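Below is one structure; the comments refer to it alone.
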Amino acid sequence: MKITGAQALIKSLEHQGTEVIFGLPGGAILPVYDPIIDSTIRHVLVRHEQGAGHMAEGYAQATGRPGVAMVTSGPGATNTVTPIGNAYMDSTPLVVITGQVATGSIGTDAFQECDITGITMGITKHNWLLKDANDIPDVIAEAFHIATTGRPGPVLVDLPKDLSQTLMEWHAPPAPEELDLPGYHPQTKGDPQAIAAAAALLAEAERPVLYVGGGVLKARASQALLAFAELTGVPVVTTLMARGAFPDSHIQCLGMPGMHGNYTAVTALQKSDLLVSLGARFDDRVTGKIDAFAPNAKIIHVDIDPAELGKVRRPDVGITGDAKSVIEDLVKASAGLVQADRTAWWSQLDEWRARYPLTYDKNETVGALKPQGIVEALSAHSPEDSIVVSGVGQHQMWAAQHWRYDHPYTWINSGGAGTMGFAVPAAIGAKAGRPEKTVWAIDGDGCFQMTAQELVTARSEEIPIKVAILNNSYLGMVRQWQEMFYEERYSEVYLSPDLPDYVKWAESMGCVGLRVDTPEDVVPAIEKANSIEDRPVVIDFRTDASEKVFPMVAAGASNDEIMVHPSQREGA
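Read in order, the letters of the sequence shown correspond to residues 4 to 575 in the numbering used here.
And the structure:
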């Protein structure tokens, strides 16, 4: 059967089970937009290509399936570089399809030409510049396989316009086992000897901690983790990328470690004698000053990516493999072992938990609401399995700290890249993938202004997300650092409290807009937002600009120097 390259691309995407494409047409990709009309795939028309990439990320993180974005050449392609880089840092499976100028024009500086495969070489698992229309089914199959296997990540397929219009002989894409990918053989099963050694080391440890990273979620290993933790009785910390991987309500959960983690989680890592790192990469935001991180701890490091083993901290036992598979094998290897007496360890952990809980000053005034309290109210008055998507900054940390995460895949954020503007489009992608879920985007006023045009997408595509703006009229995290480390010299961080008018902005985009200035209006506004299902809702919460995120470990400092809330310090 003869069909065009454009038709072959859409048929190949259908063959891979693609449900939705987030995209924006333009000249070089235009031929592909014609067969979309006859396709079963839903297309979500974005207002900016960066939004397409972040929506695909939100979709992928919420569903576990690869997100697909499609844009045109030149600026269309370069506008996706930020979400591609973001997905690369956070190991999110993404398939980005870019239009390219005709094959004969490549290298001539033709209109809207750019070397997008060169630009993205360092932030994709792999990318392709197609040269033959007959290769389209095979390359799309390869792209999905590479994006979703091993350590997940983004891939890019660049399609010259003439190939889209060329007739080719259709053939079904090959199955994964039929793909010809020399050198690409992800190792999923852990070495049995290493697993046995790890289980023995854990059984002997008196102060162990399970240090859980986002790889556990990528591997769909939450249930295996719960079984392993309960079998061994070891305390669990969940990094920013792993919130929800282990229930916050579980007695063994210590919460989030890191620069703005809680005191018990941070200090437990520091004082441990064994860290069992499961799908975590010893990120600098967790370790603080690396030479001072967990100085007396032995290390068991489990990761699907062998490059992570020893990259930051040399493990005593390193295991390359899929987190779910390895954890299940660790459960079997630990089943017959007697665990060391950890009564003293748990006594110490419970003492820290009682002495240094997350806290904040709850004295509120009109127009100066406490952002932490708003997050707690959102959590308490929204469905238990709501999906929370955050931007980046203070509001991100408060959302990670003060929302209760008892279910996996209910927390979505930009971790490694720290991309402002992530929340609104990612929330749209998450809601498109999980329409039955309540999806809250918790954003800052600075982040919101970067990508809020995508509310038009949400309204026109009938994707009813909810947005809580913690509006302190500042670039809050930068302001916090300037206050603490730059002698309160506030340089270029003040945003206007009056510009824009967020209620009118929301209403102009077809959304419901609400503003909350007083404490007694917080819960009624949240309940009203949760009751509206036919359009997006934006709530402008006017928050206290003086609030800072605590605990905090200053950049470059040891985790032993963690700063707790002023009310918990000696002499307070």
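For every residue, glycine included, the Cβ atom is placed at its ideal position computed from N, Cα and C.
Predicted model only: the values in this text are computed from it and were never measured.
Count the other CB atoms, across all protein chains shown, that sit within 10 Å of the CB of residue i; report buried if there are 16 or more and exposed otherwise.
i: Thr101; result: buried
i: Ile542; result: buried
i: Glu457; result: buried
i: His188; result: exposed
i: Pro185; result: exposed
i: Pro176; result: buried
i: Gly394; result: buried
i: Asn366; result: exposed
i: Glu573; result: exposed
i: Thr111; result: exposed
i: Pro94; result: Note on residue identity: the sequence assigns Ser, not Pro, to residue 94. So Ser94 counts as buried.
i: Phe296; result: buried
i: Thr151; result: buried
i: His174; result: exposed
i: Ile254; result: exposed
i: Asp504; result: exposed
i: Gln226; result: exposed
i: Ile529; result: buried
i: Ile377; result: buried
i: Phe451; result: buried
Rounding to the nearest angstrom, what Cα-Cα distance links residue i and residue j in this structure?
i: Ser561; j: Leu257; result: 20 Å
i: Pro195; j: Ala509; result: 56 Å
i: Thr75; j: Ala31; result: 6 Å
i: His568; j: Pro78; result: 45 Å
i: Lys128; j: His148; result: 11 Å
i: Thr368; j: Ala403; result: 24 Å
i: Trp131; j: Glu52; result: 20 Å
i: Pro157; j: Arg407; result: 30 Å
i: Leu220; j: Pro411; result: 7 Å
i: Ala200; j: Ile322; result: 10 Å
i: Arg462; j: Val23; result: 17 Å
i: Tyr497; j: Met453; result: 15 Å
i: Asp537; j: Ile431; result: 14 Å
i: Asn299; j: Asp276; result: 6 Å
i: Lys164; j: Leu33; result: 8 Å
i: Val104; j: Ala80; result: 12 Å
i: Leu159; j: Val98; result: 6 Å
i: Val269; j: Pro28; result: 47 Å
i: Lys373; j: Asp547; result: 6 Å
i: Asp183; j: Ala146; result: 12 Å
i: Gly218; j: Trp349; result: 26 Å
i: Leu278; j: Ala224; result: 18 Å
i: Lys134; j: Leu16; result: 19 Å
i: Thr267; j: Thr441; result: 31 Å
i: Gly193; j: Ala222; result: 14 Å
i: Asn533; j: Val459; result: 19 Å
i: His263; j: Ile445; result: 17 Å
i: Asp287; j: Ser167; result: 44 Å
For residue i, which three-state DSSP category applies?
i: Cys450; result: helix
i: Tyr477; result: strand
i: Ala227; result: helix
i: Lys440; result: coil
i: Arg45; result: strand
i: Leu27; result: coil
i: Pro211; result: strand
i: Phe258; result: Inspection of the sequence shows that residue 258 is occupied by Gly rather than by Phe. Correct three-state label for Gly258: strand.
i: Lys434; result: helix
i: Asp308; result: coil
i: Ala461; result: helix
i: Gly67; result: coil
i: Lys314; result: coil
i: Gly20; result: coil
i: Gly321; result: strand
i: Ile13; result: helix
i: Ala471; result: strand
i: Val35; result: helix
i: Ile6; result: strand
i: Thr242; result: coil
key: Whole beta strand (DSSP E) elements within the segment 132-195, 3-residue minimum   = 157-163, 170-172
query = Which whole runs of the alpha helix (DSSP H) in the segment 328-405 are 4 residues long or more, in chain order?
reply = 346-358, 374-383, 397-405
ask   = Fully enclosed by the segment 71-130, which alpha helix (DSSP H) runs are 4 residues long or longer?
value = 78-81, 84-93, 119-122
ask   = Going along the chain, which unbroken runs of the beta strand (DSSP E) with 3 or more residues stay wholly within the segment 492-566?
value = 515-519, 540-545
key: contact_flag[the segment 409-425, the segment 376-395] where n(CB pairs < 8 Å) is 3 or more   = yes
query = Counting only runs that start and end within the segment 263-304, where is the beta strand (DSSP E) found for 3 or more residues in a row?
reply = 277-281
query = Are the segment 48-63 and the segment 88-95 touching, with three or more C-beta to C-beta distances below 8 Å?
reply = yes
query = For the segment 207-215 against the segment 308-325, are there 3 or more C-beta pairs whose distance is under 8 Å?
reply = no
inquiry  = Between the segment 34-41 and the segment 10-18, can you find at least three pairs of beta-carbon atoms closer than 8 Å?
reply    = yes
ask   = Does the segment 235-244 come close enough to the segment 337-349 to have 3 or more Cβ pairs within less than 8 Å?
value = yes
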